[in-house]
Amino acid sequence: MKKILLVFGAGGNLGKGVIEYLLNQDYEKAYLFDSKELSITANNTEFIQTGDLSIEENVREVFNKIKIDLDTQYFLFSTIGGFAGGKIIAEYDYEEWQKMLNLNLNISFLLAKHFSLICRKSKGGAICFTSALTAFAPAVEKSAYGLSKNALNYLVKTLSKEGRKYNLSVNAIAPNILDTEENREWVKNSSDMVNSKNISKLVYDIFENSRILSGNILELPFTLNQ
162 MKKILLVFGA GGNLGKGVIE YLLNQDYEKA YLFDSKELSI TANNTEFIQT
212 GDLSIEENVR EVFNKIKIDL DTQYFLFSTI GGFAGGKIIA EYDYEEWQKM
262 LNLNLNISFL LAKHFSLICR KSKGGAICFT SALTAFAPAV EKSAYGLSKN
312 ALNYLVKTLS KEGRKYNLSV NAIAPNILDT EENREWVKNS SDMVNSKNIS
362 KLVYDIFENS RILSGNILEL PFTLNQ
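If you're matching positions, the sequence shown starts at 162 in the working numbering and goes up one per residue.
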């Protein structure tokens, strides 16, 4: 059975690291999506530049470019998300609050909606979203971020129950801090971060075990110094 990979946010810090690993795995073809143009030279890989994915018509347009095969499984990993903190609720501009909901929840909802339609017309597949450990621990000055990621977790668990009917597995990873150049400047203990190489291996394992793994938010609080 053929396996097709879709990666949204392929040009971000996490996306770049993840595709370096996933494109070398056993996928028949990979679709990479980002709002900025990417130079992709890998075989059997197609780059699709996106517009604002919080607008459903843009999401619909993107998914219309994917060839649907009845005898194929599809696997979607989304790195899309964003962080804005440092303000208490009374200080938030509504536009900034809405931006967090769009980045961390609404885009994921639209991706899930249109990807599930593909799975209904094929052999099914799996989604893995990127949540955050913050969703499990309410904190001052992180309300919009934490709330939007918490809602994403609920979306994952709900869609997991729905997806069982058409062979769709839905999970999310919830890292504490991603290992990026920006984060290295302020994180004192490097083991508090999780790098893209380890995440990419985990995502692949999640997809490989999608028949029995669904509805989980996998917490990634740190990296052991082994």
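Ideal placement from N, C-alpha and C gives every residue a C-beta, glycine not left out.
Model, not experiment: these values are computed from the prediction.
The beta carbons of PHE238 and VAL179 sit about 7 Å from each other, so the pair counts as a contact at 8 Å. At least 8 Å separates the beta-carbon of ALA312 from that of SER371. In this structure, CYS280 places its C-beta atom within 8 Å of the C-beta atom of TYR327. The bridge partners DSSP lists for PHE208 are LEU193. For the 8 Å CB-CB criterion, ALA293 and ALA335 form a contact. Assignment of VAL168 by DSSP, reduced to helix, strand and coil, places it in the strand class. Cβ-Cβ separation between THR384 and VAL355: approximately 6 Å, consistent with a contact (criterion under 8 Å). Across the set LEU231, ASP232, ILE209, GLN234, the C-alpha of ILE209 shows the shortest separation from the C-alpha of GLU222. Note on geometry: alpha-carbon atoms of GLU207 and ALA191 lie some 6 Å from one another.
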